[in-house]
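Q:
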Amino acid sequence: MADYFHWFDLLGIAVFAISGTLAAWRNQMDGFGVIVLASVTAIGGGTLRDLILDVPVIWINDNSYFYAIFIAVVATILLVRNRLTIPHNTLQFFDALGLAFFVVMGTQKSLDHGTSTMVAILLGTMSGVCGGMIRDVLCREVPMVFRGELYAVTCIFGGVVYSGLLALGVAQLPAMLSGMTALLLLRLAAMKWQLTIPVFSKHHNELNEP
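Start counting the sequence shown at 1; every next residue gets the next number (full-length UniProt numbering).
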């Protein structure tokens with residue numbers, strides 16, 4: 001099972017690195033900017049989670065994470081170098097896919113280190129959203145998690161599905177795949193139908209000004 005965890009981790013790293021590379025491409029960053037943005041998107045959330053858990057950070061003693069980032073960056077650049085624009089939905093899709101991997105993996109790692117289920121779900125959510133938050137801040141954009149469209153809610157949902165299935169006695173791998181699928185489908189539905197949670201609007205603020 002440890003091999004599954006490692007490969008899921010690497011897949012999540014690669015997918016988020018693709019997301020960061022696409023964001024750097026859309027913002028016309030140079031090569032150094034691409035590497036920085038891809039790296040912080042890929043390992044930012046997991047690094048923060050591990051620091052809170054007070055365990056060795058995932059990439060300190062394992063170069064495979066950086067290999068996954070590098071391969072994802074090079075492959076993405078080769079695929080998009082001849083395109084003039086990158087559809088925003090492409091970035092959102094890879095971001096959603098990265099969420100699906102990282103939230104469930106982060107939830108499981110937190111459970112492995114003795115946290116309660118609620119804390120594990122919160123740390124799993126942090127694993128998924130924090131890298132993207134850093135990416136968006138570096139791109140001078142409002143992070144997706146704060147834009148109203150279902151984002152962090154989908155992470156919590158995926159963590160709840162995964163931990164709930166484990167509590168019901170479902171084997172770990174099917175529970176993991178189910179949690180990832182549930183998160184991904186809800187996030188894609190939110191993107192397609194613009195499912196949102198209440199936000200403060202400019203009109204609302206104007207009505208409440210003295």
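No residue lacks a Cβ here, since even glycine has one placed at the ideal position from N, Cα and C.
Whose CA, out of 141, 196 and 71, lies closest to the CA of residue 154?
A: Taking the sequence shown and counting its residues from 1, one reaches residue 154 at position 154. Checking every option, the nearest Cα to that of residue 154 belongs to 196.
Q: Give the secondary structure of residue 41 by DSSP, where H, G and I count as helix, E and B as strand, and everything else as coil.
A: To locate residue 41, count along the sequence shown from 1; it is residue 41. The answer is helix: DSSP assigns residue 41 an H, G or I state.
Q: Below 8 Å on the Cβ atoms is my guess for residue 33 versus residue 130; work out the distance and round it to an integer in Å.
A: Taking the first residue of the sequence shown as 1, we reach residue 33 at position 33. Taking the first residue of the sequence shown as 1, we reach residue 130 at position 130. About 19 Å separates the two Cβ atoms, so there is no contact after all.
Q: Give the DSSP bridge partners of residue 154, in chain order.
A: The count along the sequence shown starts at 1 and reaches residue 154 at position 154. For residue 154, which the question treats as bridged, DSSP gives no partner whatsoever.
Q: Pull up the DSSP beta-bridge partners for residue 149, would you.
A: Indexing the sequence shown from 1 puts residue 149 at position 149. Answer is 196.
Q: Using a Cβ distance threshold of 8 Å, determine whether the stretch 63-81 contacts the stretch 104-119, with at least three qualifying pairs required.
A: Verdict: no, contact absent.
Q: Rounded to whole angstroms, what is the Cα-Cα separation between residue 57 and residue 103?
A: The count along the sequence shown starts at 1 and reaches residue 57 at position 57. The count along the sequence shown starts at 1 and reaches residue 103 at position 103. Each residue's alpha carbon lies about 16 Å from the other.
Q: Between the C-alpha atoms of residue 111 and residue 181, what's the straight-line distance to the nearest angstrom?
A: Reading the sequence shown from its first residue, position 111 is the one you call residue 111. Reading the sequence shown from its first residue, position 181 is the one you call residue 181. So the two alpha carbons sit approximately 20 Å from each other.
Q: Measure from the alpha carbon of residue 198 to the alpha carbon of each residue in 151, 167 and 92, then state which is nearest.
A: Counting from one through the sequence shown, the residue named residue 198 turns up at place 198. Comparing Cα-Cα distances from residue 198 to each of 151, 167 and 92, the minimum goes to 151.
Q: Let's see if you can read the secondary structure: which residues bound the alpha helix (DSSP H) around residue 80?
A: Numbered from 1 along the sequence shown, position 80 holds the residue referred to as residue 80. Looking at the DSSP string, the run of the alpha helix (DSSP H) that includes residue 80 is 64-80.
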